[in-house]
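What follows is a set of notes on a single structure, which appears directly below.
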Amino acid sequence: MVRLAPYAAAASAAVILWCAVRETPAPPAFVPAPIGRSNAPAAAGAALPVAAPVRAGPRVAAQQAGLASTIEVIVARNDTFDAIFRRLALDTADLAAIRQLPGIRQSLDFLKPGDAIKLTHTDGEIKELTRKVSETQTLKVVRGDAGFAAKMIDNPVQTRIRTASATIDSSLFQAAEAAQISDSVALKLAGIFAWDIDFVLDIREGDRFTAVYEQIFQDGKYLRDGEVLAAEFVNSGKMYRAVRFVADTGASAYYSPEGLPMRKAFLRAPVEFTRVSSVFNPHRMHPILNRIRGHMGIDYAAPTGTPVHAAGDGRVSFAGARGGYGNAVVLAHTNSVSTLYGHMSRFAKHMRVGTHVQQGDVIGYVGMTGLATGPHLHYEYLVNGVHKNPQTVHLAGAEPLQREALQRFRDSTAPLLAALLPVQSAPGTALGPLALPTPAPAGIRPEPLASGSFSVSSVLEDSRSSFADNRSRISTN
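Following my numbering, the numbering of the sequence shown begins with 9 at its first residue and continues without gaps.
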């Protein structure tokens, strides 16, 4: 016990000290008051003025509660402004007042999933509403002393021209990906040359292509790809070239350098990017009947439900079940040409005898009705009732440019065609955006610039954009 006495005394002292500290009141919070300055000199020995402490009260909390806050809302499926306002406890009377502003109701209420809306409010009272109504316009509504006022703000975009080349090793899309070409541009290339190249049957390893196309930017940020202005495709050693031309009527189309339209009366293939399961063969052994029975068309294997397109303009002469063809459509075209589409799972809406269709219209969907071992489209091409090989038959072109438009075509497309000239670039690499100087004086032909650049009407900045997309694959034959 004697040994523990010092420790007990120390513990008692600590407890007494802790209690004294706990009972001592904390100094009041204060805000320094402004110090008034007097022009009269201070009396000798007079004390200097001291700022009196001001205790913070509930007024500060009230000011914080009244501060405006900004919310950014991403529109969900089936969202409306009414639902958004109620969900965020905003004043719906403000929404009604905004809707009464002239000329903005449609721009305000037409919402799409993914749209962004920025709302600034104070305790549910709307101060400002901002939403992008299009790629180039933003709607802004601001509350003023006299109520709400709305205005449209222009968001200009900049167009840059880029050229890129690639060589196909395994598929069109893999080659495009290696050259940083987006899927949309690759699909447009396939569409431009669809009348000359069957992208199911004809693509070979070693084929190469070049594209000159627009890239759309806004405030220096890449938005999307625009139109393909010129393109070249070398397929099995044969070169195809196309350039985009806008007529006086505003209609655009692709033409060869000579002014001949790329569009033909018929597409080479009525389905997009499938594989061929059976070619044209008059002496084929039928896989179901097990006897020689000519295969007078081409079979395109594709998943059930794949859209089937009309190969050319025409009229439906038959639509229904047709023996071994299953669900079939026959189209009658000009010049005694007819096309047949068999084994479809179902027909497109309003597909009946007498219906007129245009090239590219969806007329049905791939299936395996009739004598079929798997889902595919059977396609036939007939002239005066005689079967022709759809892959090799000569396809007539559309009307060429008239003489008065031909010279303007040559003048406006010459710089674009110059951009397709061979450049010093490794296969499968992109050349990047083109810096485009102002055009040369009349009578002087502009010369191609280094690195694939060429002359058009404006100066565009260089930049590089990478694209990270999941690519579909098309195998070469």
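For every residue, glycine included, the Cβ atom is placed at its ideal position computed from N, Cα and C.
Span of the beta strand (DSSP E) holding residue i?
i    : result
G258 : That residue, G258, is in no beta strand (DSSP E); it is neither H nor E in DSSP.
Q114 : From DSSP, Q114 is part of no beta strand (DSSP E) but of the alpha helix (DSSP H) over R113 to D117.
L137 : E133 to K140
G313 : From DSSP, G313 is part of no beta strand (DSSP E); its letter is neither H nor E.
H341 : No beta strand (DSSP E) holds H341; DSSP gives it neither H nor E.
V374 : V370 to V374
E80  : S77 to I82
K396 : V394 to K396
Let me check understanding here. Comparing Cα to Cα, which of the options lies closest to residue i?
i    : options                   : result
S173 : L103, A239 and A319       : A239
S344 : A404, R360 and P315       : A404
E143 : P164, A97 and D153        : P164
A154 : E185, L197, A105 and F201 : A105
D87  : S77, D102 and A124        : A124
S244 : Q226, D210 and Q145       : D210
R216 : Q226, F181 and L379       : F181
R170 : T146, E235 and T363       : E235
V81  : V193, I134, G313 and R139 : R139
T175 : R168, A198, R212 and K196 : R212
M304 : I189, F417, Q399 and A187 : Q399
A76  : E133, F118 and L116       : E133
T128 : D102, K120, Q145 and P121 : D102
T312 : D131, V279, G331 and D177 : V279
A336 : T377, K357, G320 and V365 : T377
P415 : H402, A255, A380 and G362 : Checking the sequence, you will find Gln at residue 415 rather than Pro. Selected option, being the one with the closest Cα: A255.
T4   : S115, K120, R168 and T167 : Residue 4 lies beyond the stretch modelled for the chain, which goes from 9 to 485, so this question has no answer here.
From what residue to what residue does the alpha helix (DSSP H) around residue i run?
i    : result
Q182 : L180 to A186
L103 : T100 to R107
R94  : F89 to R95
How is residue i classed by DSSP in three states: helix, strand or coil?
i    : result
S192 : helix
T421 : helix
R67  : Summary for R67: the model assigns pLDDT 36, below 50, so the residue's position carries little reliability; its value from the coordinates is reported in the next sentence. It is helical.
L414 : helix
F225 : strand
G155 : strand
I205 : coil
F217 : strand
F355 : strand
A172 : strand
G332 : helix
L429 : coil
G199 : helix
A327 : strand
P408 : coil
H402 : coil
T347 : strand
L231 : strand
P269 : strand
V5   : Lying outside 9 to 485, the shown extent of the chain, residue 5 is not represented and no answer is given.
G245 : coil
G322 : strand
N289 : Unreliable positioning characterises N289 in this predicted model, as indicated by a pLDDT of 46, which lies under 50. A coordinate reading is not provided.
Could you name the residues that DSSP lists as bridge partners for residue i?
i    : result
L237 : Bridge partners of L237: none, in fact.
I306 : Y387
A250 : A239
Q166 : F225
H129 : S77 and I134
P121 : The partner list for P121 (beta bridge, DSSP) is empty, contrary to what the question assumes.
I161 : T146
P278 : The partner list for P278 (beta bridge, DSSP) is empty, contrary to what the question assumes.
G378 : DSSP lists no partner for G378.
So, is the C-beta of residue i closer than 7 Å to a C-beta in chain C?
i   : result
T88 : In the displayed structure, chain C is absent; only one protein chain is listed.
Quick one: any contact between the segment 375 to 390 and the segment 337 to 355, if contact means 3 or more CB pairs under 8 Å?
yes
Counting beta carbon pairs with one atom in the segment 198 to 205 and one in the segment 246 to 265, are three or more of them shorter than 8 Å?
yes
Is the segment 102 to 117 in contact with the segment 152 to 159, if contact means three or more CB pairs nearer than 8 Å?
yes
Assess, as a yes-or-no matter, whether the segment 217 to 224 is touched by the segment 263 to 273 under the definition of 3 or more beta carbon pairs within less than 8 Å.
no
Would you call the segment 321 to 330 and the segment 356 to 375 touching, i.e. three or more CB-CB distances under 8 Å?
yes
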